[in-house]
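In what follows, a single structure is set out as structure tokens and then discussed.
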Amino acid sequence: MNVEKGQASQAIADFVSKYSIVGKEVHGIRFWLRLLASTKLVPTDRLMPLADGANSLLSILAAIIKNSRF
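Written out as structure tokens, the structure reads:
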């Protein structure tokens with residue numbers, strides 16, 4: 346939802362703010378994935394693709410935010 350709000354932003358500062366919120370949400374997802382992995386309720390091989398996707402998304406978001414500030 347914040348990505349959609351960010352795309353509709355009229356100001357760069359608002360755009361960066363919304364995408365920063367998305368980054369915080371992805372960090373939260375990574376926390377929950379690590380917690381779930383520690384419980385051993387879900388095999389690690391099932392969680393790794395999700396963790397890899399979250400890491401990739403964080404890299405993409407960081408690049409978007411960095412390039413938007415110029």
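In my numbering, the protein residues as written are 346 to 415.
Don't be surprised by glycine CBs; every beta carbon is placed ideally from N, CA and C.
- Per DSSP, R414 is not a residue of any alpha helix (DSSP H), being assigned neither H nor E.
- Only residues of its own chain outside the window of five on either side were considered, and among them V371 have a CB closer than 6 angstroms to the CB of L402, listed in chain order.
- A distance below 7 angstroms between beta-carbons, with the five flanking residues on each side excluded, links V361 to the following residues of its chain, in chain order: I410, S413, R414.
- In this structure, R375 keeps its C-beta atom at 7 angstroms or more from the C-beta atom of A356.
- Cβ contact annotation for A396 (same chain, cutoff 7 angstroms, sequence separation greater than five): R375, L378, in chain order.
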